[in-house]
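Q:
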């Protein structure tokens, strides 16, 4: 790195989000599936929240955690995708430095919150299968509320220092941000002073938060599988495994693109930039899109409510016509 005296530092008033560099001619075509995915995400998660909040029979721990996940999905996708589509459609990539930090904050907070919610859901399944007689005693509404507060607090406490560190950076190159949204790794690459602290903080956060959550979830499911295979009948084992199937699908859909994106950025010098961009877009598009579909299709109680809602809508439209 060159001495600081050889640079003219500046504080960027605005950034220009460039979209996917090298694929500018394809931006409109790329935006079509992104827009459709966002519409389905909004509809699916909003429907899921509506069903859980209005259906009294679904006011149980598992479904309350699902509603938290739907809220985090809505926050994650709505923070990132509208600006992304504006870049693709209108080349409206200009974003103020403050707005960029705000977007970055909410994207990373909701991402960490989702990881914590998945861990809470793993604990829910562990108690339901390994200690079913004490399930309602352990997971009371008060405990669930405290767990929700802990999810938000933990996410805020880990991301706020990152925002503070990014705000202290000095820039001397360009305000062109080669991304579709404000990501801290993309911003730090534009800095000209030492980014060692931010670099290692990001790695530590990935290991201590996301990595630890994944390990604890794996441990929970190890104990769950041990308990399941100790059940006396095959039907009981299958029923227990079915209660976990939705959660396992959601875990894979969340952590797979996240880990791919995380390690791809560590190999950024050998992976084309547009590939990194597409991978980074995966974890703000794929989990929020598929999570409500998985729960609405594979969970019998939620699927029943969805079918009833559509039946009522069809009946009303028939009466009106």
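Residue numbers (this note's numbering): 941 to 1261.
Where a beta carbon is used, it is the ideal one built from N, C-alpha and C, also for glycine.
Below 8 Å, how does it come out for the stretch 970–980 and the stretch 1012–1024: are there three or more Cβ pairs, yes or no?
A: yes
Q: Kindly list the residues whose CB is nearer than 8 Å to the CB of residue 1237, restricted to its own chain and excluding five residues on each side of it in sequence; keep chain order.
A: Looking up residue 1237 in the chain shown gives position 297. Taken in chain order, the residues that qualify are 1243.
Q: To which residues does DSSP link residue 1034 through a beta bridge?
A: Stepping through the chain shown from its first residue, residue 1034 is reached at position 94. Answer is 956, bridged to residue 1034.
Q: Rounded C-beta distance between residue 1009 and residue 1054? I'm assuming under 8 Å.
A: Residue 1009 sits at position 69 when you count from the first residue of the chain shown. Residue 1054 sits at position 114 when you count from the first residue of the chain shown. With 8 Å as the limit, residue 1009 and residue 1054 qualify as a contact, their Cβ atoms being about 6 Å apart.
Q: With which residues is residue 1116 paired in a DSSP beta bridge?
A: Position 176 of the chain shown, counted from the first residue, corresponds to residue 1116. Paired residue(s): 956.
Q: Within the continuous alpha helix (DSSP H) that includes residue 1173, where are the two ends?
A: Here residue 1173 is taken as the residue at index 233 of the chain shown, counted from 1. Boundaries cannot be given for residue 1173, as no alpha helix (DSSP H) includes it and DSSP labels it neither H nor E.
Q: Kindly confirm or deny that the stretch 980–999 and the stretch 1032–1047 touch, where touching means at least three C-beta pairs closer than 8 Å.
A: no
Q: Rounded to whole angstroms, what is the Cα-Cα separation between residue 996 and residue 1216?
A: In the chain shown, residue 996 corresponds to position 56, counting from 1. In the chain shown, residue 1216 corresponds to position 276, counting from 1. Distance between the alpha carbons of residue 996 and residue 1216: 44 Å.
Q: Going by other Cβ atoms of all chains shown within 10 Å of its Cβ, with 16 needed for buried, is residue 1166 buried or exposed?
A: The sequence position of residue 1166 within the chain shown is 226, counting from 1. Residue 1166 should be labelled exposed.
Q: Quick one: using the 10 Å Cβ neighbour count with 16 as the cut-off for buried, is residue 1091 buried or exposed?
A: On the chain shown, residue 1091 is found 151 positions in, with the first residue counted as 1. Counting Cβ neighbours within 10 Å, residue 1091 comes out buried, since at least 16 surround it.
Q: In the DSSP assignment, what residue or residues form a beta bridge with residue 1096?
A: The residue given as residue 1096 occupies position 156 in the chain shown. Residue 1096 pairs with nothing; no bridge assigned.
Q: Exposed or buried, residue 942, counting other C-beta atoms within 10 Å across all chains shown (16 or more means buried)?
A: Here residue 942 refers to the residue found at position 2 of the chain shown. Residue placement at residue 942 cannot be trusted, given a pLDDT of 40 that sits under 50; the coordinates are not used to answer.
Q: Straight-line CA distance for residue 1079 to residue 1066?
A: One-based indexing of the chain shown puts residue 1079 at position 139. One-based indexing of the chain shown puts residue 1066 at position 126. Distance between the alpha carbons of residue 1079 and residue 1066 is about 11 Å.
Q: Is it right to say residue 1173 is buried, meaning 16 or more other beta carbons lie within 10 angstroms of its own, or is it exposed?
A: Taking the chain shown and counting its residues from 1, one reaches residue 1173 at position 233. The residue is exposed, with fewer than 16 neighbouring Cβ atoms inside 10 Å.
Q: Distance, Cα to Cα, residue 1239 vs residue 1186?
A: As a first step, residue 1239 is located in the chain shown; it is residue number 299 there, counting from the start. As a first step, residue 1186 is located in the chain shown; it is residue number 246 there, counting from the start. Taking the straight line joining both Cα atoms gives about 7 Å.
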